[in-house]
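Counting from 1, position 33 in the sequence shown corresponds to residue 33 in full-length UniProt numbering; the numbering is continuous, with no gaps.
I have placed the structure first, in the form of structure tokens, so that the comments after it can refer back to it.
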Amino acid sequence: MDYEFRRNSLDGSVLALFSMDHEALGRWLSEELGKDEAKLSAVLQAIAQLQAGELEHYQLVGRDLTLEMDKEQAVVAANVLGIEEDHDLQEFMNLYDAESIANCGLEDLQQVLESWREFLGS
1 MDYEFRRNSL DGSVLALFSM DHEALGRWLS EELGKDEAKL SAVLQAIAQL QAGELEHYQL
61 VGRDLTLEMD KEQAVVAANV LGIEEDHDLQ EFMNLYDAES IANCGLEDLQ QVLESWREFL
121 GS
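Following this line, the structure appears as structure tokens:
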């Protein structure tokens, strides 16, 4: 999973760009998490609790994307994906799904979030 963080020098906005199949994770970081240190800390704390066996599942529902984690993996998915799809549209929607859902290992997400925190602090 390759990624890059960018900062707009004009307005200070931040952007996370991820490789194919992980674009949704970049959108989630940029749009849902952003510069919110409290939210970032809460997700990192949830990861620690999942790894320690203190939690079995964690969910953070955002405006457009939701993060779900268990002790092994994290999934970011567009909230609209929960809607049942018409079978005829299913093949077309596979491309859309690839941009709207991403998963990775819990340790990978932890590393990404720590890198994001470091980037925000720079």
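C-beta: ideal position from N, C-alpha, C; glycine also.
According to DSSP, which residues form a beta bridge with residue i?
| i | result |
| --- | --- |
| residue 60 | 67 |
| residue 27 | Per DSSP, none; premise fails for residue 27. |
| residue 34 | BP columns for residue 34 are empty, so no partner. |
Since residue i and residue j should fall inside the 8 Å C-beta cutoff, what is the C-beta to C-beta distance between them, to a whole number of angstroms?
| i | j | result |
| --- | --- | --- |
| residue 70 | residue 50 | 7 Å |
| residue 59 | residue 104 | The pair is not a contact, with the Cβ atoms about 16 Å apart (cut-off 8 Å). |
| residue 3 | residue 16 | 6 Å |
For residue i, which option in the options has the closest C-alpha, if you only look at C-alpha atoms?
| i | options | result |
| --- | --- | --- |
| residue 56 | 64, 46 and 62 | 46 |
| residue 62 | 22, 107 and 27 | 27 |
| residue 99 | 11, 64 and 106 | 64 |
| residue 120 | 41, 19 and 20 | 41 |
| residue 20 | 113, 116, 102 and 118 | 102 |
| residue 18 | 1, 9 and 12 | 1 |
Look at the alpha carbon of residue i and the alpha carbon of residue j, and state the distance between them as a whole number of angstroms.
| i | j | result |
| --- | --- | --- |
| residue 110 | residue 34 | 16 Å |
| residue 36 | residue 68 | 18 Å |
| residue 66 | residue 76 | 6 Å |
| residue 117 | residue 22 | 19 Å |
| residue 122 | residue 48 | 24 Å |
| residue 107 | residue 52 | 13 Å |
| residue 32 | residue 5 | 15 Å |
| residue 11 | residue 39 | 22 Å |
Answer with buried or exposed for residue i, where buried requires no fewer than 16 other C-beta atoms within 10 angstroms of its C-beta.
| i | result |
| --- | --- |
| residue 7 | exposed |
| residue 78 | buried |
| residue 112 | buried |
| residue 30 | buried |
| residue 86 | No answer about residue 86 holds up, because its pLDDT of 43 lies below 50 and its placement is not dependable. |
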